[in-house]
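The numbering of the sequence shown is full-length UniProt numbering, which starts it at 1 and goes up by one. See below for the structure under consideration.
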Amino acid sequence: MESWFQRIFLVAKGAALAGFLGQGAAVLADTDGQPAPGTGADRIDTEYFDVGVFTGVLNIEDFGSEWVFGVNATFNTDENFFMQLNYLQADSSLSSFEESQGKIFSGDDRTFRHFDFLVGYNVLQAEQFFSEANAMLSSLYVVAGIGDTDFGGEGSFTYTVGVGYQLALTRDLLLRVDYRDYIYKTNLIGDDKFTHNTQITTGLSYLF
1 MESWFQRIFL VAKGAALAGF LGQGAAVLAD TDGQPAPGTG ADRIDTEYFD
51 VGVFTGVLNI EDFGSEWVFG VNATFNTDEN FFMQLNYLQA DSSLSSFEES
101 QGKIFSGDDR TFRHFDFLVG YNVLQAEQFF SEANAMLSSL YVVAGIGDTD
151 FGGEGSFTYT VGVGYQLALT RDLLLRVDYR DYIYKTNLIG DDKFTHNTQI
201 TTGLSYLF
């Protein structure tokens, strides 16, 4: 079953890349290479791409909470749906099991690396008024998708679910706060089991 999902994942990655490139060409053709008109929320509604960085805390089940850093790229298919690619990594400290029994693995295997492809839906969109003359577009969204996780010498097919909040700080700059749960099967400690590796991050993205 997992190998079947992995083949779907590879196809999805290729389709996402093709969609990114194809939609970008269509946007340039429609606008003759010129930026979309409008300001503020109007402009944000017409932007298709953003790239960003994020940092926060990742709880690696059975190992502990670690600082995580990552990058992402988002393609907005319309005002409700979007697709997102994410890459992140974190260095793990010793688990309580390892502290008593010794290291299970070392070196590069102690770095948690994760890549995923997500589909998101904007559940709620609104304008936030922090002053009478300053309205900021915000949205509450949910995401789900699939990816790969490398940790402890294992490569694991991963399911990702999450929720997030986005606020447009300026015409070009977005603030995001995200919660994610990375679910995959592992046997690093004991028998095979599904682990839930939760993450909370804050990030900034730039609109193109």
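Glycine residues also receive a C-beta, built at the ideal position from the N, C-alpha and C atoms. Every value quoted in this text rests on a predicted model; they were computed, and no experiment measured them.
Determine which residues share a DSSP beta bridge with residue i and list them.
{"i": "S138", "result": "A126 and L167"}
{"i": "R110", "result": "For R110, which the question treats as bridged, DSSP gives no partner whatsoever."}
{"i": "Q84", "result": "T74 and L118"}
{"i": "D150", "result": "R113 and G155"}
{"i": "I189", "result": "In the DSSP output, where bridge partners are listed per residue, I189 has none listed."}
{"i": "F194", "result": "K185"}
{"i": "D178", "result": "G164 and T201"}
In this structure, does DSSP put residue i in helix, strand or coil?
{"i": "E66", "result": "strand"}
{"i": "G203", "result": "strand"}
{"i": "G155", "result": "strand"}
{"i": "D50", "result": "strand"}
{"i": "F97", "result": "helix"}
{"i": "I162", "result": "The sequence given here places Gly at residue 162; Ile does not occur at that position. G162: strand per DSSP, three-state reduction."}
{"i": "G56", "result": "strand"}
{"i": "G145", "result": "strand"}
Go ahead and label residue i buried or exposed: buried means 16 or more other beta carbons lie within 10 angstroms of its beta carbon, across all protein chains shown.
{"i": "S106", "result": "exposed"}
{"i": "D116", "result": "buried"}
{"i": "L140", "result": "exposed"}
{"i": "S100", "result": "exposed"}
{"i": "L169", "result": "exposed"}
Taking residue i and residue j to be in contact with their CB atoms under 8 Å, please state how far apart those CB atoms are, rounded to whole angstroms.
{"i": "N86", "j": "L58", "result": "That pair is no contact at about 12 Å."}
{"i": "R176", "j": "S205", "result": "6 Å"}
{"i": "S92", "j": "R113", "result": "Rounded, the Cβ-Cβ distance is 11 Å, inconsistent with contact."}
{"i": "G152", "j": "V53", "result": "Going by Cβ atoms, the distance from G152 to V53 rounds to 26 Å, so no, they are not a contact pair."}
{"i": "G164", "j": "D178", "result": "4 Å"}
Can a CB atom of chain D be found closer than 8 Å to the CB of residue i?
{"i": "G203", "result": "This model lacks chain D altogether, as it is built from one protein chain only."}
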